[in-house]
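Data first, discussion second: the structure below is written as structure tokens.
Numbering (full-length UniProt numbering), first residue to last: 1 to 439.
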């Protein structure tokens with residue numbers, strides 16, 4: 001039992017660690033926390049322990065109480081496992097307390113009620129959305145009408161669409177009204193098989209709302225799939241009115257070009273030479289030059305960027321520059337920082353290095369190795385000093401400065417003991433003369 005518990009704990013430790021807020025708060029959770037809860041629930045459901053699944057869902061719904069998707073997931077999980085009591089309890093808490101002002105939970109509740117045979121409760125859920133929570137919600141109208149169709153109440157489905165259209169007509173600048181007309185015409189043609197009525201609905205939409213791409217696209221599609229004679233001239237006038245750049249129809253260039261292309265496909269199937277030529281010339285005049293200009297600008301921008309990249313690559317390809325001719329310590333522009341401060345040969349012996357009391361970390365730079373290139377072209381000037389002074393100040397240096405092998409990198413620790421020199425050998429004037437040759 002202990003080993004089993006330890007093994008399970010090792011599996012869930014990652015999920016538990018990612019839970020930053022296990023309590024409820026009105027502030028939204030970040031996406032990573034929401035995704036972690038979904039992954040944790042997926043893992044627990046795969047494990048198959050029903051008790052652990054229920055407990056984890058209840059924990060999750062404390063922190064994620066304002067998110068309908070977790071309530072919906074909980075209900076579906078309980079339904080799949082045959083626990084309808086827990087499913088109904090979770091659905092009641094969601095629709096009546098926690099997310100009661102969000103329409104998606106009520107649409108889900110209506111579907112659940114319909115599947116369980118409670119049609120009255122399903123209709124009540126839809127009516128609650130229509131009247132109070134989100135009036136004019138297109139998804140609610142479509143789902144409610146489809147339910148009435150499944151129940152055999154086709155006239156009630158028609159009435160739902162007509163009532164919703166009448167309600168939206170009373171609003172100024174309704175964004176839902178064009179799509180309501182489109183969905184109603186689609187329902188009439190596909191479900192009721194009444195193509196003439198569907199055409200009348202779309203014509204009514206043309207007269208009552210501003211022309212839009214979805215509306216004209218639906219009208220073209222309806223003309224294409226029905227067997228009656230095609231009204232090409234009527235469609236051509238509407239398309240031309242929409243795609244011309246005027247202030248009456250503030251559509252984007254992409255929408256206008258796409259609709260013109262759809263109409264060209266329609267004419268390619270059902271049009272004649274005259275109508276095809278007219279539409280193709282109009283399309284080329286309005287959109288072909290604009291597209292070519294955009295593509296040309298894009299190519300120019302890409303060529304410019306490619307040229308810049310080539311120039312940069314060429315400049316970093318090891319070509320000598322004026323800076324390199326002066327600063328021999330910098331072989332390339334890219335490695336100037338790493339080369340100048342890399343490990344250089346020591347300029348003095350280890351014994352002399354231990355005698356200095358400044359930070360030993362500077363010992364690696366070996367007399368400012370970045371300026372090592374100066375030594376290749378000329379000799380260092382020396383100030384005239386006596387033989388005794390040279391012996392006192394430079395007694396530890398080899399007389400000919402032979403090339404020494406690099407030593408391993410020194411640690412950044414203070415030397416345990418610092419060697420001291422007699423006071424007679426620490427002559428400040430001599431040291432000043434030594435540093436004076438570098439500055």
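In this text, a Cβ means the ideal position worked out from N, Cα and C, and glycines have one as well.
Pair within 8 Å by beta-carbon distance, residue 65 and residue 108: Cβ atoms of residue 65 and residue 108: not closer than 8 Å.
Status (buried if at least 16 other CB within 10 Å, exposed otherwise) for residue 261: Burial state of residue 261 is exposed, judged by a 10 Å Cβ sphere holding fewer than 16 other Cβ atoms.
Other residues of its chain near residue 133: CB distance less than 7 Å, five sequence neighbours each side excluded: Within the same chain, residue 133 has close Cβ partners 101, 103 and 106.
Span separating the alpha-carbon of residue 283 from that of residue 226: Those two C-alpha atoms are separated by around 26 Å.
For residue 4 and residue 71, the rounded distance between their alpha carbons: Put simply, the backbone Cα of residue 71 is about 30 Å away from that of residue 4.
Nearest-angstrom beta carbon gap, residue 219 and residue 243 [assumed within contact, 8 Å]: Incorrect: roughly 14 Å between the Cβ atoms, too far for contact.
Local conformation of residue 187 per DSSP, three classes: Three-state DSSP puts residue 187 in a helix.
Alpha-carbon spacing of residue 45 relative to residue 59, whole angstroms: Each residue's Cα considered, the two are about 14 Å apart.
Residue of 55, 277 and 147 minimising C-alpha distance to residue 41: Considering only alpha carbons, the answer is 55.
Runs of alpha helix (DSSP H) lying entirely within the segment 170–233, each at least 4 residues, in chain order: List check, alpha helix (DSSP H) in window: 177–190, 195–208 and 213–225.
Best match in 113, 168, 229 and 216 for proximity to residue 84 [C-alpha to C-alpha]: Of the candidates 113, 168, 229 and 216, the one whose C-alpha sits nearest the C-alpha of residue 84 is 113.
Nearest neighbour of residue 238, chosen from 286, 53, 213 and 200 [CA to CA]: Of the candidates 286, 53, 213 and 200, 213 places its Cα closest to the Cα of residue 238.
Residues near residue 79 by beta carbon distance below 7 Å, same chain, minus five either side: If we look at residue 79 and ignore the five residues flanking it on each side, its Cβ neighbours are 87.
Length of the line joining the Cα atoms of residue 285 and residue 208: In a straight line, the C-alpha of residue 285 is about 30 Å away from that of residue 208.
Continuous alpha helix (DSSP H) stretch holding residue 2: start and end: It spans 2–18 - the alpha helix (DSSP H) in which residue 2 sits, taken as one unbroken run.
Proximity of residue 161 and residue 191 at Cβ, strictly below 8 Å: For the 8 Å CB-CB criterion, residue 161 and residue 191 do not form a contact.
Same chain only: Cβ atoms within 6 Å of residue 52, ignoring 5 sequence neighbours per side: Within the same chain, residue 52 has close Cβ partners 44.
Straight-line gap, residue 20 to residue 129 (C-alpha atoms, nearest Å): Cα-Cα distance, rounded: 34 Å.
For residue 87, the first and last residue of its enclosing alpha helix (DSSP H): From DSSP, the alpha helix (DSSP H) with residue 87 extends over 84–93.
Nearest candidate by alpha-carbon position, reference residue 180, set 165, 189, 281 and 188: When only C-alpha atoms are compared, the closest one is 165.
Alpha-carbon to alpha-carbon, residue 89 and residue 216: Cα-Cα distance, rounded: 46 Å.
Cβ distance (whole Å) where residue 441 is taken to contact residue 279 below 8 Å: This structure gives no information on residue 441, because the portion of the chain shown stretches from 1 to 439.
The segment 166–178 / the segment 148–157 touching (three or more Cβ pairs under 8 Å): The segment 166–178 is not in contact with the segment 148–157.
Start and end residues, alpha helix (DSSP H) containing residue 261: 253–270 is the span of the alpha helix (DSSP H), which, as asked, contains residue 261.
Through-space distance from residue 188 to residue 274, alpha-carbon basis: Between residue 274 and residue 188, the C-alpha separation is close to 33 Å.
Same chain, Cβ closer than 6 Å to residue 269, neighbours up to 5 away in sequence not counted: So no residue of the chain qualifies.
Proximal residues to residue 271 (C-beta, below 7 Å), its chain only, five neighbours per side dropped: Cβ within range, chain order: 232.
Pairwise C-alpha distance: residue 240 and residue 211: Rounded to the nearest angstrom, the gap between the Cα atoms of residue 211 and residue 240 is 11 Å.
Assigned secondary structure, residue 60 (DSSP; H/G/I helix, E/B strand, else coil): DSSP places residue 60 in helix when its eight states are reduced to three.
Alpha-carbon spacing of residue 288 relative to residue 171, whole angstroms: Between residue 288 and residue 171, the C-alpha separation is close to 39 Å.
Sequence-distant residues of the same chain with beta carbon closer than 6 Å to residue 57, five excluded per side: In its chain, beyond the 5 residues on either side, 74 have a beta carbon closer than 6 Å to the beta carbon of residue 57.
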